[in-house]
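Step one of this worksheet: look at the structure below.
Protein chains in written order, with our numbering: chain E, 1 to 283; chain V, 1001 to 1283; chain S, 2001 to 2283; chain H, 3001 to 3283.
Set out below in structure tokens:
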């Protein structure tokens, strides 16, 4: 007796005729019914991107076997993921809890297809929230002297818990270049401005000083080049002259949490692919 | 010496395995390079929808020949369109010119892939604007006594000019059921409310009386059931207690024009397919 | 030694010349420095509305004494509130926690100037969340047979805790007409649609069936006329054909929580005044 | 027999107690009925800003006479304007007509309370549009050699036509520092990005390269410091990976035209006051 299972297939390769035909042929061979499919041909890079959601009674091995020759022929960057397996996610935070709260609440209600084996923070303030959601909380204080050790300990936790994604949920420490490189493509940060406006520290105060009429937040992949990583999502809200910089901070919490949650959701659903320094988001 | 030509292929049929493989095979056979592709499997209706943009050196006949057996096999509703052929569009208007102005300006700048052989109005107010854009303007006054004749004359113009789309750009007459039926799927109206709120007359005044905080516009296909046609696009703008109903009207002009122009653009680009009473918009 | 104290003054009355002069004179007499001021003359009702934030070293009695003759002269509906006194708020909920979570989190971070002495629910699901935030949780199950008793008990809690505002944070019971009347002007509900579209039950499923392109939420004062109370705030988010009704529900949680939190914030800051069936929102 | 006339009064001065009382007293003395009033106390600069719309049977002289002593006492920057007198506006453009089209159309429908005695352009492309709207069109070509003469001729036109506002409606020449200074506070530009992101040339191509998910436009006062003038209004629209830089340009036209038209409307309605490098917008 077989039961049907759902998978997400993502792939990218150099564009040339025949890719869709070859992929759809392999999926047909593996007994797949396609339930969602998106593709994109990048005019800039000449790369082809595809995400397909399928259901099949034949299982992961059959699917991989059918796709393997196609992947070889087109030199694909191929991923096959069971849809019901949540992404193993480590969340880092500091003192402010709005982003953490949104992620944990949405994880619990099923909106975010992630599981969170561990939360890491350089402060103790958010331990009660982690406790409420039943997530182990590891306190790793960071000083200039201990920074290297702290990052080593983080990488140990990433390895020990088979972490696939690290989310910086208003974690207020700058990661070292080495750490950024080792987490490349699997770490998402929320910056509290509409990048590339107002990089660096105190972006809401910069925004206030410039007199902008919209403020925003940017979720992006972490790179060694600070605030320059590939952008996944951006959202803005309206402000006016009567709002102070402190009110910008308070109003911004909601848009930060929302923007980060969307980015994590799409990443966890395998909807985000990298096209050089830009993202393809199949949402 | 051959030159490459661009086509849009749209199709819908009952969903079953193998559609994408068959279509992509036919496109490959016709020498097509896929430049854009979107598909959707409707969980409600069980129908499959697809829109593919391709370029090929082999021409329209080869493309049709390759797709014909696939279309038969899957009992498809199939359309093949040369991308550079603008949609023949008749615009109807009355006294207010904001929607007409947006359509004609965007047609001229190339944003809207339409050509406008004729404008029809029950008033003369907008004739100068039609003249400025060099579009023939036909004045068809409508009274209860002449309504049937007026509609007959409109249908003659639709036939004489090979019209593929009729756009009601704030045309302030209700079409008869018969006319609605004969234009089914090829007439787009802009309603000046966020449907299904505030159907019928004077929607901004209804909105003011109800004290809503957002007002909007809805572009939809015309059906005999007034203000109930399939929705193509909706947009809203924020209002507050200090705005009067008359200011709603003035503020609404911009959102009406924008919403209608988007709907016409997507229809003309063959991005809108009908899934029963709902629209699939591949944008 | 005196210290400065902040107050909010709200007033409404029939419009006639001299109100602002009289009010500003009284405030000057009470040693007030105006830090924020807004006013509105309703062209519909002929009523005048004003909200002034002031700081003064002279205290609440002096302020009331200075305003009393003005209030009498213009037959004002006058309110004077210490700005640092949070609004005593009772939250009602059922099984879904997104709205409750937003309110409690924002209360804790100081965004919402409320205190919550008690949470009431007809289910036990959200007791752990109430516990986490340290708020007493009263379980009042409701059946057709016990509804009258349940509402009586609620009114006892309102009286016992000096409740100034009742928030229905996705409380899934319809209040009786009598209860609506006794809470008139001090109960806020969140409806999960862009009212007046999709009143009644399962609004997201109604929205899906109608094929709308935006879904939304409406925070409004509770009245005996269901889903017809004065609207405080509305927000929308974009959806498309590929989203199911269930996804509308999930996507809607965020906009519901945000819309309700905004309405509660503005009400608690005394920014919302009633102009017949419409609201004046000084934000 | 007297008839009532409407005026806008704007003022700014150093904040201290008694301003509102003094102003409202003067307005009362001049027989004014206040129909709209807004004020703001800037916590940054310590300045007080006020805009009042009034109707009075007593005329402009009486109003000025009543306000004069108050203005002297508080050392106000005071403006008194007849509401029905449109702002004399010179529009500059180059080849692209979307911003000009929006301004002229909205002027004609009465949304923009401006009159346009003359349009200046360094190209002839938009002369037909000026002709259609019946506005004199002056062609002033600009080369490096003739730039100084061209700017001198512009200033002559500004003087000859009693121009109060110069609008750069996608005018593609950089103004000299001297010209910027002589138009300070009375020239509005539209920049085709969400400033301060993407200053300088080809902002949509910069935005594409950075992979942003929202693009926008900024209307600001012209200053000698390019793209750094006080911001009046900003708006954004959503883009995604599938849009090219050329499509950004096309999509951006609508948001540019809208943003500029809003800024011009608010400036013409005397709703925009300068608070150092930031704007107070009473809208």
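Beta carbons are placed, not taken as given, at the ideal position from N, Cα and C, and that holds for glycine. The model shown is predicted, which means the values in this text are computed figures rather than measured ones.
Non-local beta-carbon contacts of residue 185 of chain E in its own chain, meaning distances under 8 Å to residues more than five positions away in sequence, involve 221 and 274 in chain order.
Shown here for residue 2136 of chain S: same chain residues with a beta carbon closer than 6 Å to its own, the five before and five after excluded, namely 2118 in chain order. The beta-carbon distance between residue 1229 of chain V and residue 1192 of chain V, rounded to whole angstroms, is 15 Å. This is too long to meet the 8 Å contact definition. Taking C-alpha positions only, residue 198 of chain E is separated from residue 3082 of chain H by approximately 41 Å. For residue 1217 of chain V, the number of other beta carbons within 10 angstroms of its own is at least 16, and it is reported as buried. Within the region 91-166 of chain E, the complete alpha helix (DSSP H) segments at least 4 residues long are 98-109, 127-132 and 147-160, listed from N- to C-terminus. The C-beta of residue 1020 of chain V comes closer than 8 Å to at least one C-beta of chain E. Residue 253 of chain E: member of the alpha helix (DSSP H) spanning 245-268, first to last residue. Distances from the alpha-carbon of residue 3059 of chain H to those of H/3022, H/3008, H/3041 and H/3075 put H/3008 closest. Listed along chain S, the residues sitting closer than 7 Å to residue 1242 of chain V by beta-carbon distance are 2040. When Cβ-Cβ separations below 8 Å define contact, residue 2078 of chain S makes no contact with chain H.
What residue 231 of chain E touches in chain H, judged by beta-carbon distance under 8 Å, is 3210, 3211, 3212 and 3213, going in chain order.
The Cβ of residue 46 of chain E sits no closer than 8 Å to any Cβ of chain V. The C-beta of residue 2237 of chain S comes no closer than 8 Å to any C-beta of chain H.
Exclusion of the five residues before and after residue 14 of chain E leaves 46, 47, 48, 74 and 75 as the residues of its chain whose Cβ lies within less than 8 Å of its Cβ.
Fewer than three Cβ pairs drawn from the region 3232-3252 of chain H and the region 1088-1100 of chain V lie within less than 8 Å of each other, which leaves the two stretches out of contact. In the DSSP assignment, residue 183 of chain E falls outside any beta strand (DSSP E) and carries neither an H nor an E. A direct Cα-to-Cα measurement between residue 1148 of chain V and residue 1126 of chain V gives close to 23 Å. Residue contact check for residue 1247 of chain V against chain S: no CB pair falls below 8 Å. The C-beta distance from residue 3146 of chain H to residue 3180 of chain H rounds to 18 Å, too long to fall under 8 Å, and the pair is not in contact.
For the region 3174-3224 of chain H, the full-length alpha helix (DSSP H) segments reaching 4 residues or more read 3177-3182 and 3203-3210 along the chain. When secondary structure is reduced to three states using DSSP, residue 78 of chain E falls in the strand class.
With respect to the C-alpha of residue 2057 of chain S, the residue from S/2033, S/2078, S/2041 and S/2072 having the closest C-alpha is S/2033. By the 16-neighbour rule on beta-carbons within 10 angstroms, residue 1016 of chain V is exposed. Under the 10 Å beta carbon count, residue 3139 of chain H is surrounded by fewer than 16 other beta carbons and is classified as exposed.
Note on geometry: alpha-carbon atoms of residue 36 of chain E and residue 1044 of chain V lie some 14 Å from one another. Residues 3204 of the same chain have their beta carbon placed closer than 6 Å to that of residue 3249 of chain H, with the five preceding and five following residues left out of the count.
By the Cβ criterion, the region 3103-3120 of chain H is in contact with the region 3160-3179 of chain H, since at least three pairs of Cβ atoms, one from each stretch, lie closer than 8 Å. For residue 1036 of chain V, the enclosing beta strand (DSSP E) stretches over residues 1033-1041. CA-CA distance, residue 2211 of chain S to residue 1272 of chain V, rounds to 13 Å. Under DSSP, the beta-bridge partners assigned to residue 1053 of chain V are V/1008 and V/1036.
At least 8 Å separates the CB of residue 3128 of chain H from every CB of chain E. Residues of chain S with a Cβ closer than 8 Å to the Cβ of residue 3057 of chain H do not exist, since the nearest Cβ in that chain sits about 12 Å away.
None of the residues of the region 2062-2073 of chain S has a beta carbon lying less than 8 Å from any beta carbon of chain H. Distance from the CA of residue 3200 of chain H to the CA of residue 213 of chain E, rounded to the nearest whole angstrom, comes to 20 Å.
A direct Cα-Cα distance of roughly 13 Å separates residue 1209 of chain V from residue 1242 of chain V.
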